[in-house]
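J.:
Residue numbers (mature numbering (1 follows the signal peptide of the UniProt record, and there is no 0)): -34 to -1, 1 to 486.
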C-alpha cells in the first residue's frame, strides 16, 4: 500500500513538471506586446501623459515640470482637476476620448494660444499639451490645406469652363491656358496652342481701359467665323484673358440688320408717310414718302427731332390744320400722343393748300409710337364729285312731274323723287329700315283699286328673267287713272314710273294684253 502511494506521488510530480515546461515554452514563444503600440516616453521636450483607462502609465519630464502640483497627477481625475481651470472643456473621463477618437481643447483665455490634444490609440489615451508656436504651426498647416483645396477647386473650375481662359506674359507669349482654349485652338489652327501664337492676336489690340473687344477666329475646316467678346485683366505676372462665345448674339444682330434693311426698302416704296418715335419720343425711323407729304427737310428728320418738334415744324409749314387755340397747343399734342399710344388716334387733316391727309397713330413695342400720313386728296375729290353728281341727278329727277321709284336687284327702294313722295304721301328717307318692294306695293294697294298689276311688278323686280319693259293702267281710289311703266335698268335694278295719261306721254311700247286693263 505504501509503495502504491509513492508511485502515485511520483507520477503526479512528473505531470506537474511537464505542464510547467509546456507553459514556459508557450509563454516564451508569444511576441511581446504585439497588439499594443509603442507608447513609451516621447521626447522630453514635449508635455505628454499616457493613460490606460483612468490609470496614468507614463508622463514626460516637461509634463511634470509644467504642473504646479507637489506630487503630480496619479490618474485621470487628478490631471482633470489640474487642467480644467485653464482648459474648461478638458474631458472628465477617458471614455469621451474613446467615443470620438480625438479631442482638441483650447484655453479659456483668448490670449493663451496653447491647446490640449487627446487621442485614443488602441486602448491607450494620449494627452499632449501644445504651446503657442506649435498651435500656430497647426493653424498654418490647416490654412495651407485649405488654400490647396481652394486652389484645386479653382483649377478644376477653370479647366472645366466652356470659356477660353489664358495668360500671356509681358512679351506676349502664352504661358498658361485652359482646356477650352486648347480646344478652340485646335479648331482654328488644327494643333495645340503655342507660346508665340496667341489665339486672338496681339493682346495690345484690345483696349485695356474698356477691357473688352469683339474678335473673330475662323474654323480651319468649315471656314465659318467664330465670334468672341475678349476681356483682358492685367496683373503683375502678365495679362489674363477671357473669351465669351457670342455667335448667337452676332447672328441675331445680323438678322436684325437684315430685317431693318428689308423694312427700310419696303417703307421706301410706300406712298404712305411713316414716322416712328421711340419711347423717349425721338424720331428713329422715317421713309421718303414722309418727306414728300410733309415737305420737311431730310436733314431735319435725320437729326432725330422730338415728337413735339416734329409737329411744331408741321404747323409752321402749314402741313397740318391750324389750331383753334395756340395756348393749349401743347395739351393737344399730349392728348394726341396718348391717343396714338393707345391706338385710338385717327383724324383727317384738311390743309390750307386743299390737300386732305389721313393721319393715324399706332402703338409699337417698348413704348414706341408710329404715325402714318396718307394723302387721300384724290379719294376725297372723287367722293365729293360723286356726291355732287348724285345731288345733281336727284335735283333733276325732283323737277320731273312723273313719280319715279328705283328698286335694286334685291328689291330695296334705292331712289325716289319728290313727285313720288307727293303721289303716295310717303318719305322713305325718314324710315329707319329700308323700304322693300313688298312695302311699296302695300302703300300702292291702299291708295288704288284692286289690280293684278302689283303682283306682276313684284315678280318683275325680284326676277332676272324676261326683263322687257312694259306698262299698265291703274286707277286710284279717287278715280284718277295713272300709267304705270316698268323699265329694267343697269345692274339688275328696276325703275317704276307713274304718270298721268296724255297722248304725248304714252309709252312707245304697247301694253301686254293681260296688263292693259283699267281698274274699276
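We put the beta carbon where it would ideally sit given N, CA and C, even for glycine.
#1: Can you grab the Cα-Cα spacing for the pair residue 279 / residue 262, in whole Å?
#2: I'd like to know if the segment 428 to 440 and the segment 333 to 350 are in contact, where contact means that at least 3 CB-CB pairs between them fall below 8 Å.
#3: What's the call for residue 468, buried or exposed, on a 16-neighbour Cβ count within 10 Å?
#4: Consult DSSP for residue 134 and reduce its assignment to one of helix, strand or coil.
#5: Starting from the C-beta of residue 318, find all residues in its chain whose C-beta is less than 6 Å away, skip the five residues before and the five after it, and write them out in chain order.
#6: Mapping DSSP to helix, strand and coil, what is residue 155?
#7: Pull up the CB-CB distance for residue 306 and residue 270, whole angstroms please, since I reckon it's below 8 Å.
#8: Take residue 249 as the anchor and find which of 222, 133, 277 has the nearest alpha-carbon.
#9: At what residues does the beta strand (DSSP E) containing residue 449 begin and finish?
#10: Excluding the 5 residues preceding and the 5 following residue 93 in the sequence, name in chain order all residues of the same chain whose CB lies nearer than 6 Å to its CB.
#11: What residues match up with residue 41 in a beta bridge as DSSP calls it?
#12: Whose C-beta lies closer than 6 Å to the C-beta of residue 374 among residues of the same chain, with five residues either side of it excluded?
#13: Confirm, please, whether the CB-CB distance from residue 401 to residue 378 is below 8 Å.
#14: Rounded to whole angstroms, how far is the Cβ of residue 125 from the Cβ of residue 145, which I believe are closer than 8 Å?
#15: Out of 87, 183, 118, 97, point me to the one whose CA is closest to residue 130's CA.
#16: Where does residue 467 fall in DSSP's three states?
#17: Sort 289, 456, 464, 357 by Cα distance to residue 438 and report the nearest one.
#18: Give the C-beta separation of residue 260 and residue 239 to the nearest angstrom, bearing in mind that I take them to be a contact with Cβ-Cβ under 8 Å.
#19: Let me know the secondary structure DSSP gives residue 331 once reduced to three states.
#20: Can you tell me whether residue 202 is helix, strand or coil according to DSSP?
#21: May I ask which residues mark the beginning and end of the beta strand (DSSP E) holding residue 239?
#22: Please return the same chain residues whose Cβ sits closer than 7 Å to the Cβ of residue 368, not counting the five positions on each side in sequence.
#23: What residues in its chain sit with their C-beta under 6 Å from that of residue 254, if we drop five residues either side in the sequence?
#24: Please check the pair residue 194 and residue 209, which I expect to be a contact at CB under 8 Å, by giving their CB distance rounded to whole angstroms.
#25: List the whole-angstrom C-beta distance separating residue 321 from residue 312, where the pair is believed to meet the contact cut-off of C-beta under 8 Å.
#26: Which residues in the same chain have their Cβ closer than 8 Å to the Cβ of residue -9, if we skip the five residues on either side of it in sequence?
#27: Name the residue from 247, 245, 251 whose alpha carbon lies nearest to the alpha carbon of residue 232.
#28: Give me the residue from 122, 60, 237, 112 with the minimum Cα distance to residue 257.
#29: Helix, strand or coil: how does DSSP classify residue 382 here?
#30: Touching or not, the segment 416 to 426 and the segment 444 to 455, by the rule of three or more beta carbon pairs under 8 Å?
#31: State the beta-bridge partners of residue 15 as determined by DSSP.
#32: Assuming residue 415 contacts residue 441 (C-beta within less than 8 Å), just tell me the rounded distance between them.
#33: Starting from residue 308, follow its DSSP beta bridges and name the residues at the other end.
#34: Assign residue 418 to one of two classes, buried (16 or more other C-beta atoms within 10 Å of its C-beta) or exposed (fewer than that).
T.: Walking through what the data contain:
#1: 8 Å
#2: no
#3: exposed
#4: strand
#5: 284
#6: helix
#7: With 8 Å as the limit, residue 306 and residue 270 do not qualify as a contact, their Cβ atoms being about 18 Å apart.
#8: 277
#9: 447 to 454
#10: 15, 84
#11: 21
#12: 380, 459
#13: yes
#14: 5 Å
#15: 183
#16: coil
#17: 464
#18: 7 Å
#19: helix
#20: coil
#21: 239 to 243
#22: 385, 463, 464, 465
#23: 234
#24: 4 Å
#25: At roughly 18 Å, the Cβ-Cβ gap does not stay under 8 Å, so residue 321 and residue 312 are not in contact.
#26: Annotation note: pLDDT 38 at residue -9 (below 50); position unreliable, coordinate value reported separately. Answer for residue -9: no residue qualifies.
#27: 251
#28: 237
#29: strand
#30: yes
#31: 25, 93
#32: 5 Å
#33: Paired residue(s): none; residue 308 is not in a bridge.
#34: exposed
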